[in-house]
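Protein chains in written order, with our numbering: chain A, 7 to 288; chain B, 7 to 288; chain C, 12 to 373; chain D, 12 to 373.
Even for Gly, the Cβ is constructed at its ideal location relative to N, Cα and C.
Predicted model only: the values in this text are computed from it and were never measured.
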Amino acid sequence: MAATLKPGQGPLDYGNRWWLKLLFGFIFFMLYVPIVTLVAFSFNSDKRGIVWRGFTIDNYAKAWKNDALIEALTNSIVIAIIATIIATVIGAMVAIMLWRFRFPFKGAYEGFMALPIVIPEICMGVALLLFFNESGMMSAVVNTPWPINLSNIIIAHVAFCFPFVAVVVRSRLVGFNRQLEEASKDLGASEWQTFWKVLVPFMMPGLVAGALLAFTLSLDDFVITFFTSGPETVTFPVKVYSLVRRGVSPEINAASTVLIVITIVATVLAMKLQAPEKSGKG
Amino acid sequence: MAATLKPGQGPLDYGNRWWLKLLFGFIFFMLYVPIVTLVAFSFNSDKRGIVWRGFTIDNYAKAWKNDALIEALTNSIVIAIIATIIATVIGAMVAIMLWRFRFPFKGAYEGFMALPIVIPEICMGVALLLFFNESGMMSAVVNTPWPINLSNIIIAHVAFCFPFVAVVVRSRLVGFNRQLEEASKDLGASEWQTFWKVLVPFMMPGLVAGALLAFTLSLDDFVITFFTSGPETVTFPVKVYSLVRRGVSPEINAASTVLIVITIVATVLAMKLQAPEKSGKG
Amino acid sequence: MSEAIVSIKNVSKRFPGGVVAVDNVSIDIAQNEFFALLGPSGCGKTTLLRMISGLETPTGGQIMIGGEDMALTPPNKRPTNMVFQSYAVFPHMTVEDNVSYGLRVTGVPSDETKRRTAEALEMVKLSHLAARKPDQMSGGQRQRVALARALVKRPKVLLLDEPLSALDAKLRDGMRMELTRLQETVGITFIIVTHDQDEALSMASRIAVMDKGAVQQIATPSELYEHPASRFVADFIGKVNLIDAKVLRSVGKHISCEAKGLGKLDLESTGTTGGTVSIAVRPEKLKIGKAEPKAANLIKVEGKVRDVAYYGDTSHVVVSTKDGLDLSINVQNDSREGGAGVERGQKVWVHWSPADSLVLAE
Amino acid sequence: MSEAIVSIKNVSKRFPGGVVAVDNVSIDIAQNEFFALLGPSGCGKTTLLRMISGLETPTGGQIMIGGEDMALTPPNKRPTNMVFQSYAVFPHMTVEDNVSYGLRVTGVPSDETKRRTAEALEMVKLSHLAARKPDQMSGGQRQRVALARALVKRPKVLLLDEPLSALDAKLRDGMRMELTRLQETVGITFIIVTHDQDEALSMASRIAVMDKGAVQQIATPSELYEHPASRFVADFIGKVNLIDAKVLRSVGKHISCEAKGLGKLDLESTGTTGGTVSIAVRPEKLKIGKAEPKAANLIKVEGKVRDVAYYGDTSHVVVSTKDGLDLSINVQNDSREGGAGVERGQKVWVHWSPADSLVLAE
């Protein structure tokens, strides 16, 4: 009588073989051990950070009291906020233009726009350094008051962040039903009414997701910032980098853990907003 | 009689306003000037690289003859090739497992797997440095012969590259019609025959795209490599970085241009392969 | 027609690239009509509807609505409203906000907006769902929202683009009856675009059949079905047997012709006087019998049953004559034990009244 | 049935989570039958088909094919082949490679593989497209590839999952005739799953109607349509008027009942002897007339026409009696000038023969 196939050997399983489990375990190990070590050691009470000597949150307190670190963090956040706002506005406009208009070489432009996404950071950094040097912008901002002295970094961040915003918003717009716009006009709305009341609400999840993406990219960037910042300006990743060169300390682990948490929260939010919605098709 | 609306004022245009054109021009400028400057100056015959003094390919020849630069490039390519192969195999297996099997906390694991994609490079670098130090792997490889001395870097690159492969292959598999597999079984094929003759051919574009992505990521990486390499091991981005600290030179511009070209070619190939195919649904 | 509410005069639409979607079309649509534009996909019917709404601009000809030339009037100023094929309900607004949208953007006072919105929701029986978002609603309910949203503007003409195509078969019948009822209640002109002959025949008071951008025939449903003006119309509206024939003689309205497989026939013809013609006869007009029918004034032919498809209420029989003529016959299974009463391979006689045949020019 | 090729005995399928997809089903399917599993979506018909193919495992009962118990036989060893709803044609292989796949993976010698592949392609008329990739083919052609790929394996039973549902209306009629022809040519058993009554009625020699995992009735098409065993079957297969009635008396096969809107009726009934029943009568069995019919042995009722929908070959009329009974009547427009001959609001008489009524238990 019936049903004598054992579970796990059903017709459609490749089987839960032992070597698959082993592989799984290995991957887990490879991936998480470094991160877990980092987070764990940020709570380690050993000063040198080599051996586990008990749980403490002193490292966080110490990091918080480290004026240089806090200054760097403030710089990073100010840069990220300003760069995000500018990148989001420009990115959204570019996305709308690419989606809406036909113009010569549109395909080529769409490809070129994505360049900063793929170009090696180190090359982008060299290019921006060269550009700011040649144009004299590097020396121009060097003795200006805060936050004007961050201008170069902000411009550089906008330049590499806005294509990400544009790509996210553009892909959201692909799902837009053009008949919604026609319906709005047909019901008596003007073009600007249609834009603000129909198109912008539709784009909103893409805008927020793009902004969050730009924010984390800007906050985390080291290479480009390093090349475009003057000797006096230090951001958080640059500070961590310069500290690590003198040796890993529990303080750095604490600071890194905070940065990781901020990034993950922002990314999870962005992904939730970008998830395909059933309401998208109207 | 009819058709008196002027072109450009059609019912569905926001219009090609002058300020849109201006914005477009500005974005073009912001984006391309730095990159164009870099590429242009790689052909500049001025030694100091500040003023344009005529076209030359001497810089490329000079870069080619710079043994330190070539050694760094060789290291980078060897690391990228080995890391890509390993990352592609592991990434594909993880993708298949996530797609095929149900197991406890699958959703959570799928999210965690993507961690290295979002975690700031600087934190990943610190974590790996800490891990290699603590585990003694850092000192273990330091005096081994080439290419064994690259092991740490390769492990680090695999760790941050394979999630990208897994994500690309996973999203390819979403489009797989499970009935193809059932049809294969129904027609008399065994599970392994079905795997090699139906599933692998279907995954192929995703595998190649993922591999190309991993290759460019590995080739371009600076931060993680910097933290995990011993004092003796230098990759191409690290070399460029150390040279730039002593001032931008036409040689660096030439080397950066080569890296940009390699990256763009690999990325364009990967995107072509990833493009949605009509044949995907069977 | 002096009281035409929509008057389309020699309208053409040529898209960039040279495709002619609509080719010199003239139609007058009277106040209060339920008018259908019917044709296969790509025949230009939707483009014509969009030109009436102002969403497309004609490249030639004139569209008048309520006696005014619309050439310079953009879609948001025209006295027309449209129900889109995808419904195009705004996904980020509640049902109520969707319906009131057209009043809010044109500055109608808020108390009037409220009253009219409530009325419109009442009319489509959605008052209880006013606070819902569209993604919590079924396709049929979303369509009602689209209807209410258009009707609340009190247009002179309501345009409907394939309103039933996105609904499943069960809902369609109900919505068909509801649209007919609604049109009678509100008393405004409906123009509907459809590719489905059943929809057009059962709802519209008049139908324009279009093909390749041009109007083939404008007539009432029964005129279209029983007196199609061309082979295209006969074939597109319902199933039809088309039999090739050659005219031998023509006297007044009578012609004598030699039909393939049927021999010499005397028929009435209004249009054709010579050459080759098609004799069109609908499958349900054909009768099937085991013996040769006695009556003298029938067209009759012997043949063999090639296929019998049972569909419950009807059976579709295909009979082949010895000259290779295939005739489709629909038999209604009027009594419970009958069925078509024939089997595959059986020899039968097919006959019909000459009055049920129509002569169409080739 | 001793010569049953497929014998399903008390088969059940309970999915993890407790959903019972198939509930204690028993069916015997004879050699060479064209058998249909018909039911609404979610009725378990596809799950049953997949259990025959081996792609699902029953949680209870037994499936025998060709006299052998299949419980331990995986899908790749069963003498069945399947045509999937999505066709599941391998996109990276040519048509020829698709068709020969099933032979190649089982180690059939290459010359035999070649010969049989060519034969199969010939049979579905695709020889000229052997080198094409599936993405260069139409839906109908892809389906033929799927058919050839299954038939080349010479299965004892061919399983077809909604084979016509992905084709457009025009192709369906042709494919229906082709499947019937193919089944006669190859002479193997076909089991088809469908939710479309027309498909099942017109193709199958026998039909099992399923609902909620259970078989409601197994019968030939005309038996199903004219003698449905339950309200569900009557309602699912074609349209039907269901009239509530109360049994007053029952003598042998005769019952006397009081029907809503119709008064006292004497009818034949095989099953029911008391309580409340439904009188079922198909819309095409009802006749409509302006005067009261003279004949004594008819069921007749006066009413007002509520809706007339013209469909060309037929008109659908809804008549309401003064007791609030709505009757649907299909009138075939037999002659060209007739139409239904009635208008909305008109008073008419509806009548039918008691022999066309069926008494169904509530």
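Which listed residue (the options) has its alpha carbon closest to that of residue i
| i | options | result |
| --- | --- | --- |
| Ala-157(D) | Val-135(D), Ser-176(D) and Lys-167(D) | Val-135(D) |
| Phe-49(B) | Pro-151(B), Ile-63(B) and Asp-192(B) | Ile-63(B) |
| Ser-141(B) | Asn-158(B), Thr-241(B), Ser-262(B) and Ser-82(B) | Asn-158(B) |
| Leu-75(B) | Tyr-247(B), Ser-235(B), Ile-270(B) and Thr-273(B) | Tyr-247(B) |
| Leu-175(C) | Ala-159(C), Pro-120(C) and Gly-150(C) | Gly-150(C) |
| Ser-37(D) | Val-30(D), Val-17(D) and Leu-49(D) | Val-17(D) |
| Ile-161(A) | Phe-138(A), Pro-237(A), Val-267(A) and Ile-268(A) | Phe-138(A) |
| Tyr-115(A) | Ile-125(A), Gly-212(A), Ala-101(A) and Ile-128(A) | Ala-101(A) |
| Arg-184(A) | Ile-270(A), Ser-177(A), Val-204(A) and Ile-268(A) | Val-204(A) |
| Val-163(C) | Leu-132(C), Ile-76(C), Lys-275(C) and Ile-19(C) | Leu-132(C) |
| Tyr-321(D) | Asp-334(D), Glu-303(D) and Gln-343(D) | Gln-343(D) |
Contact set for residue i: own chain, Cβ-Cβ below 7 angstroms, skip 5 residues either direction
| i | result |
| --- | --- |
| Phe-243(C) | Asp-222 and Gln-227 |
| Ser-224(B) | Ile-85, Ala-86, Ala-89, Thr-90, His-163 and Cys-167 |
| Glu-44(D) | Thr-200, Ser-216 and Arg-217 |
| Lys-296(D) | Trp-363 and Asp-367 |
For residue i, the three-state DSSP class (helix, strand or coil)
| i | result |
| --- | --- |
| Gln-228(C) | strand |
| Tyr-247(B) | helix |
| Gly-14(A) | Here the model assigns Gly-14(A) a pLDDT of 35, short of 50, so the residue's position is not dependable and the matter cannot be decided. |
| Asn-308(C) | coil |
| Arg-176(A) | helix |
| Thr-150(B) | coil |
| Asp-80(D) | strand |
| Gly-321(D) | According to the sequence shown, residue 321(D) is Tyr rather than Gly. If DSSP states are grouped into helix, strand and coil, Tyr-321(D) belongs with the strands. |
| Asn-289(A) | Limits of chain A in this structure are 7 at one end and 288 at the other, which puts residue 289(A) out of reach. |
| Met-148(D) | coil |
| Ala-372(C) | strand |
| Glu-420(D) | As shown, chain D starts at 12 and ends at 373. That puts residue 420(D) outside it, with no answer to give. |
| Lys-24(D) | strand |
Residues near residue i in its chain [Cβ-Cβ closer than 8 angstroms; skip 5 each side]
| i | result |
| --- | --- |
| Arg-355(D) | Val-316, Arg-317, Asp-318 and Val-319 |
| Pro-102(D) | Lys-144, Pro-145 and Asp-146 |
| Asn-308(C) | Ser-364 and Pro-365 |
| Pro-85(D) | Gly-65 |
Nearest-angstrom Cβ-Cβ length linking residue i and residue j, presumed shorter than 8 angstroms
| i | j | result |
| --- | --- | --- |
| Val-328(D) | Ile-340(D) | 5 angstroms |
| Leu-338(D) | Val-361(D) | 6 angstroms |
| Ile-203(C) | Ala-219(C) | Wrong, their Cβ atoms sit about 11 angstroms apart, outside the cutoff. |
| Gly-194(A) | Gly-113(C) | 5 angstroms |
Neighbourhood of residue i by C-beta distance below 6 angstroms, restricted to the same chain and skipping five residues each side
| i | result |
| --- | --- |
| Ser-111(C) | Thr-124 and Thr-128 |
| Ala-256(D) | Cys-268, Ala-270, Val-288 and Ile-290 |
| Tyr-66(A) | Ala-260 |
| Ala-217(A) | Thr-90 and Thr-94 |
| Arg-25(D) | Val-31 and Thr-70 |
| Leu-156(B) | Ile-85 |
| Leu-275(A) | Leu-218 |
Closer than 7 angstroms between beta carbons: that is the criterion. Which residues of the stretch 45 to 76 of chain C meet it against chain A? Ser-64 and Leu-66
Could you list the residues in the stretch 290 to 308 of chain C with a C-beta less than 8 angstroms from some C-beta on chain D, going in chain order? Arg-293, Pro-294, Glu-295 and Lys-296
If contact means a Cβ-Cβ distance below 9 angstroms, which residues of the stretch 136 to 163 of chain B contact chain A? Leu-136, Phe-137, Phe-138, Asn-139, Glu-140, Ser-141, Ile-161 and Ala-162
What residues in the stretch 177 to 197 of chain D have a beta carbon less than 7 angstroms from any beta carbon of chain C? Met-188
Using a beta-carbon distance cut-off of less than 9 angstroms, what residues from the stretch 198 to 216 of chain B approach chain D? Gln-199, Thr-200, Lys-203, Val-204, Pro-207, Phe-208 and Met-210
Any residues in the stretch 177 to 193 of chain B with a beta carbon nearer than 8 angstroms to a beta carbon of chain D? Which ones, in chain order? Asn-183, Gln-185, Leu-186, Glu-188, Ala-189, Ser-190, Lys-191, Asp-192 and Leu-193
With 9 angstroms as the limit, tell me which residues of the stretch 241 to 273 of chain C have their beta carbon closer than that to any beta carbon of chain D; keep them in chain order. Ile-248, Gly-249 and Lys-250
Taking only beta carbons into account, state which residues of the stretch 319 to 333 of chain D come closer than 7 angstroms to chain C, listed in chain order. Ala-320, Tyr-321, Tyr-322, Gly-323 and Asp-324
Just by C-beta distance, which residues in the stretch 138 to 149 of chain C are closer than 8 angstroms to chain D? none
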